[in-house]
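Novice:
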DNA sequence: TCGATTTCCCTAACATCGTTAGAGATGGCG
DNA sequence: CGCCATCTCTAACGATGTTAGGGAAATCGA
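Residue numbers (my numbering), protein chains in the order written: chain A, 18 to 252; chain B, 18 to 252.
#1: Using 8 Å as the threshold, is the region 105-116 of chain A in touch with the region 222-241 of chain A, meaning 3 or more CB pairs across them?
#2: Could you tell me whether the region 148-161 of chain B touches the region 205-212 of chain A, using the rule of 3 or more Cβ pairs below 8 Å?
#3: Straight-line CA distance for residue 81 of chain B to residue 89 of chain A?
#4: In this structure, how does DSSP classify residue 203 of chain A when only helix, strand and coil are distinguished?
#5: Let me make sure I understand the geometry here. Which of A:240, A:223 and A:243 has the alpha-carbon closest to that of residue 119 of chain A?
#6: Quick check: is the beta carbon of residue 143 of chain B nearer than 8 Å to any beta carbon in chain A?
#7: How would you list, in chain order, the residues of chain A whose beta-carbon sits under 8 Å from the beta-carbon of residue 211 of chain B?
#8: Count the C-beta pairs between the region 200-208 of chain A and the region 198-208 of chain B that are closer than 8 Å, then say yes if the count reaches three, no if not.
#9: Give a yes or no on whether 8 Å exceeds the smallest Cβ distance from residue 87 of chain A to chain B.
#10: So what does DSSP say about residue 172 of chain A, is it helix, strand or coil?
#11: Between residue 70 of chain A and residue 49 of chain A, what straight-line distance do the alpha-carbon atoms span, to the nearest angstrom?
#12: Could you tell me whether the Cβ of residue 172 of chain B comes closer than 8 Å to any Cβ of chain A?
#13: For a quick check, are the C-beta atoms of residue 215 of chain A and residue 167 of chain B less than 8 Å apart?
#14: Kindly indicate which residue of B:128, B:240, B:192 and B:152 has the alpha-carbon position closest to the one of residue 186 of chain B.
#15: Measure the CB-CB distance between residue 263 of chain A and residue 99 of chain A and report whether it falls below 8 Å.
#16: Where residue 60 of chain A and residue 52 of chain A are concerned, what is the direct C-alpha to C-alpha distance, given to the nearest angstrom?
#17: At the 8 Å Cβ level, is residue 84 of chain A part of the contact set with chain B, yes or no?
#18: Using a Cβ cut-off of 9 Å, pull out every chain B residue sitting near residue 243 of chain A, in sequence order please.
#19: Return the first residue and the last residue of the alpha helix (DSSP H) that residue 129 of chain A is part of.
#20: May I have the straight-line CA-CA distance separating residue 46 of chain A from residue 64 of chain A, to the nearest angstrom?
#21: With distance defined between alpha-carbon atoms, name the residue in A:55, A:153 and A:178 nearest to residue 92 of chain A.
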């Protein structure tokens, strides 16, 4: 039965399967969840609000999805699935890694809620996420890393992307907030002299910091690789 | 009035300020919150459960604390405050950075819930957190970094610690879970050949990966520093 | 010493949340 | 036509963060 407030009569209300289009599917739920998360943030993601977007009531979602956490996990993996995991083979593995991680970061920044989720949840390890890790790790393996060094390199690069994305989104504050933060810091400049002298912790140029940090990391990786296989060519 | 289930008579029940000890303070609330978070995780942190631990009811907490988020922020900062931010001046700045970040990581691993919080919340920037950042950044500044390079170096190292701590705690799963994960991955080994060949994504040796990744990063930082100030000594 | 005031914990209650139970409508298939 | 699976609904549960406001103890001014 229609809600009391629904002015549409029974015949004007959309019936089930009006066209061949599915009325409610996991895909449509996840799409709506991503949109809702983008617009209102993770705190305002509610099963009822999500259902509203789909012109449905909350319990209806549970026929397609077991739990709200599942929705979030699916939404995160959908973000990873946005950018095709291109397996470009550039002249140098370094370019490949940079390309992959930059695309990764771009996708994460487009959905600021996404970066913080994997840090908290257990196995957010969906197929799209795995595809990305496969690309990253295979690139490093082709470069010559193996065993514990491969594992360390993979996680170091992974942490750099996820960390900088979540740090950036978490600290992407308004000018007003930044002004207050700096002001408070300056009143304690005796305790935090370096921070106060260098403009608090808020960065103007997150992209620059990401790129520079990545360059540091890749420099170190390249050096280790060179010290092991002196002058050796790629696989 | 006492709860119906309280067998203690009015006179045996502890009265307010029985001794000079405060019955309920922000400090005691935060201590209880850290203990509760350690024992049961962040999902089970509830104002009511927290109040129970303090032999009090939930609304009483709101006299000392504005919101639950405040409690979490205070708890996180308390973790940073556990380890004294030693300003050791070793022979090489590299040792100082390693010492600081290792102590940082140890504190985060002792409280597995802590690493994931700053990624999500806006300004988890408490005094103890700032003290740590001051130590880190001042060490880097003393080493010779300045301007955007200093900022990039600070954030890169910060992200490495926070990222590896949260990755480790998030992926610290049981042997059973790991077995299932690897099993599922092997059934799709055509899609993720590298991951399947290198033992999934679960690392046995997180400490080793942290140390190696940090070494990569420091190698890169040192190289950049050397290329700018060739042969120059520290400040 | 006493009344006023502040401090602080209480009970009661609200709106909202994730989730379950189960009724009922729709469509396909025999 | 009647059975059955599919899918959405209403109703409701317990738990959550938080507010309103009562009331007792401690403190303070005179």
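In this text, a Cβ means the ideal position worked out from N, Cα and C, and glycines have one as well.
Specialist: Well, looking at it:
#1: yes
#2: yes
#3: 34 Å
#4: helix
#5: A:223
#6: no
#7: 151, 154, 155 and 158
#8: no
#9: no
#10: helix
#11: 7 Å
#12: yes
#13: yes
#14: B:128
#15: Outside the displayed range of chain A (18 to 252) lies residue 263 of chain A, so it cannot be described from this structure.
#16: 14 Å
#17: no
#18: The contacting residues do not exist; residue 243 of chain A stays about 11 Å from chain B at best.
#19: Counting along the chain, residue 129 of chain A falls outside any alpha helix (DSSP H), and DSSP gives it neither H nor E.
#20: 10 Å
#21: A:55
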